[in-house]
Every structure is written in structure tokens, then in C-alpha cells.
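Peer 1: Be aware that the sequence shown starts at 63, since it is given in my numbering, and climbs by one per residue.
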Amino acid sequence: MKNLQLRFYIEHEQRLKRLCEFGARPKTMQALLSPRGGVHIQTFREIFTQLTGRTPKPGMSPAQDYAFLQKPGWRFKGSLILQAYIRLCELGAHHIDSLIEAYAFFLESSELEKSSEFSFERALILVRGFETGDLRFTKCACCSSHHVHERNEPVMCPVCNNGSFGGSRKRHRNRLLATFHQVG
Ligand SMILES: [Zn+2]
């Protein structure tokens with residue numbers, strides 16, 4: 063490693079180790095740790111291979127797109143990550159470390175095969191969306207849990223399954239009707 067690379071590595075060693083454990087793409091690591099591109103993408107590829115013995119995932123990081131939040135399960139997971147992130151920031155942690163620890167918390171608290179589909183890339187998209195104001199984190203008036211949603215989107219709580227969640231909405235309505243008929 064060249065001197066500059068080595069200095070960068072020493073400065074960010076713990077963060078880089080965690081990001082490699084998460085299987086983050088080199089492009090994602092660069093966006094997070096060297097947003098102006100001062101550290102070359104190849105450095106991140108080399109660090110990933112040295113730390114994990116594997117070749118990093120190819121390609122670009124996914125675009126800043128919130129379509130994945132339309133699935134209640136993903137919205138629920140996103141809400142867990144965002145809640146932990148906001149709390150850690152409030153406690154004074156650096157925003158990069160808050161994101162890393164919030165994602166680690168999410169992995170620990172979910173089943174392995176289910177957590178792998180919510181990549182670290184998505185967690186970064188989520189936090190960025192929140193920081194820019196595209197995404198909001200709102201308390202549900204019905205169940206009091208907090209959930210993430212787009213700024214101009216109607217309330218769609220993943221716990222209550224209300225709003226426009228496709229099939230779930232119909233199921234929710236049918237459940238309500240069944241309860242109503244029982245009472246009647
Ligand atoms: Zn709710």
C-alpha cells in the first residue's frame with residue numbers, strides 16, 4: 063500500500079472492517095468514506111480483497127430510489143435501521159458510525175437469510191433520503207410505532223398494514239369487515 067492509502071486505512075480501519083463484513087460495494091465505501099473521490103475506487107477494491115479474501119461485488123451502488131419501501135416487510139426493516147440511526151446520532155455518534163452500528167444492530171436482530179436482502183447499500187440510501195428530507199420518520203397514530211415514508215406519501219404503517227400496500231390493504235379491509243360482522 064502507498065503512504066496515502068496506508069494513512070487512510072489506519073484512520074478508517076474499524077469502519078472499513080465493518081463495511082467489508084457487511085459485503086458493501088467498493089463504490090458504496092467510497093461514497094461514505096471519501097465522498098469527494100479523493101481515495102481511488104481501486105484502493106477500496108484492494109482493501110476489500112485483503113480483508114475478506116474475496117472479490118468485491120461489481121457494479122455501481124443502487125440509485126437513490128425508494129421503490130423498495132413499498133413492500134411492508136422492507137419498510138419495517140428500513141424503519142428499524144432508521145430508528146437506531148437517529149437514536150445513535152442523538153447520542154452524539156458520528157453519522158458514519160451511527161449508520162454502521164444501526165445496520166449491525168439490524169443484522170443481529172434479524173434472521174440471516176432475511177437480513178441479506180436488505181443490503182448496506184439500501185441502508186445508505188435510506189439514511190441519505192432522511193438527511194435530505196426526501197424521507198420522513200413518523201409516528202403511526204394507530205399503533206404508535208415509528209415508520210419511514212416518502213415526504214408526500216400518505217401514511218402506510220408496516221405494522222398496521224394500512225394505506226396502499228397492494229394486496230395487504232385488501233386483506234386488512236377483509237379482516238376489519240370480518241370483525242365488524244362478528245360484532246354485528
Ligand atoms: Zn401503525
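Ideal Cβ positions, reconstructed from N, Cα and C, are used throughout, including at glycine.
Could you pull the start and end residues of the beta strand (DSSP E) that Lys-139 belongs to?
Peer 2: Looking at the DSSP string, Lys-139 is not in any beta strand (DSSP E); the run it does join, the alpha helix (DSSP H), is 134-152.
Peer 1: Pick out whichever of Glu-83, Phe-84, Gln-104 has its Cα sitting closest to the Cα of Gln-92.
Peer 2: The shortest C-alpha separation from Gln-92 is found at Gln-104.
Peer 1: Taking the beta carbon of Cys-205 as the centre, do at least 16 other beta carbons fall within 10 Å, making it buried, or is it exposed?
Peer 2: Cys-205 comes out exposed.
Peer 1: List the residues that DSSP assigns as beta-bridge partners of Val-210.
Peer 2: For Val-210, which the question treats as bridged, DSSP gives the partners Phe-199.
Peer 1: Which residue comes first and which comes last in the alpha helix (DSSP H) that contains Leu-186?
Peer 2: That run of the alpha helix (DSSP H) goes 182-194.
Peer 1: Are there any heavy atoms of ligand 1 lying less than 7 Å away from the beta-carbon of Val-221, as far as the coordinates show?
Peer 2: The answer is yes for Val-221.
Peer 1: How would you label Arg-69, buried or exposed, when you count the other beta carbons within 10 angstroms and need 16 or more for buried?
Peer 2: Exposed, since its Cβ has fewer than 16 Cβ neighbours within 10 Å.
Peer 1: Which word fits Ala-146, buried or exposed, when buried means at least 16 other C-beta atoms lie within 10 angstroms of its C-beta?
Peer 2: Under this definition Ala-146 is a buried residue.
Peer 1: For Cys-202, which residues in the same chain have their Cβ closer than 8 Å to its Cβ, ignoring the five residues on either side in sequence?
Peer 2: Cβ neighbours of Cys-202 beyond the five flanking positions: His-208, His-209, Val-217, Cys-219, Val-221, Cys-222.
Peer 1: In terms of residue numbering, what span does the alpha helix (DSSP H) encompassing Arg-107 cover?
Peer 2: Segment 103-114, the alpha helix (DSSP H) holding Arg-107.
Peer 1: CB of Ser-141 to nearest heavy atom of ligand 1: below 7 Å?
Peer 2: No - ligand 1 has no heavy atom lying nearer than 7 Å to the Cβ of Ser-141.
Peer 1: Could you give the distance in angstroms between the alpha-carbon of His-157 and the alpha-carbon of Glu-75?
Peer 2: Their backbone Cα atoms lie some 16 Å apart in a straight line.
Peer 1: Helix, strand or coil for Arg-235? Go by DSSP, reduced to three states.
Peer 2: For Arg-235, the predicted structure reports a pLDDT of 49, less than 50, and the residue's modelled location is therefore unreliable. The matter cannot be settled from this model.
Peer 1: Ligand 1 heavy atoms versus the CB of Val-202: any closer than 7 Å?
Peer 2: Residue 202 is actually Cys in this sequence, not Val. Checking every heavy atom of ligand 1 against the Cβ of Cys-202, one is found closer than 7 Å.
Peer 1: Just verifying my parser: in three-state terms, what is the DSSP assignment at Tyr-128?
Peer 2: Three-state DSSP puts Tyr-128 in coil, outside helix and strand.
Peer 1: Please determine whether the Cβ atom of Ser-207 lies at a distance below 7 Å from any heavy atom of ligand 1.
Peer 2: Indeed, a heavy atom of ligand 1 lies less than 7 Å from the Cβ.
Peer 1: DSSP on Lys-64, reduced to helix/strand/coil?
Peer 2: Lys-64: coil per DSSP, three-state reduction.
Peer 1: Quick check on this structure: which residue in Ile-72, Glu-179, Thr-194, Lys-64 has the alpha carbon closest to the alpha carbon of Lys-133?
Peer 2: Looking at the Cα atoms, Glu-179 is the closest of the given residues.
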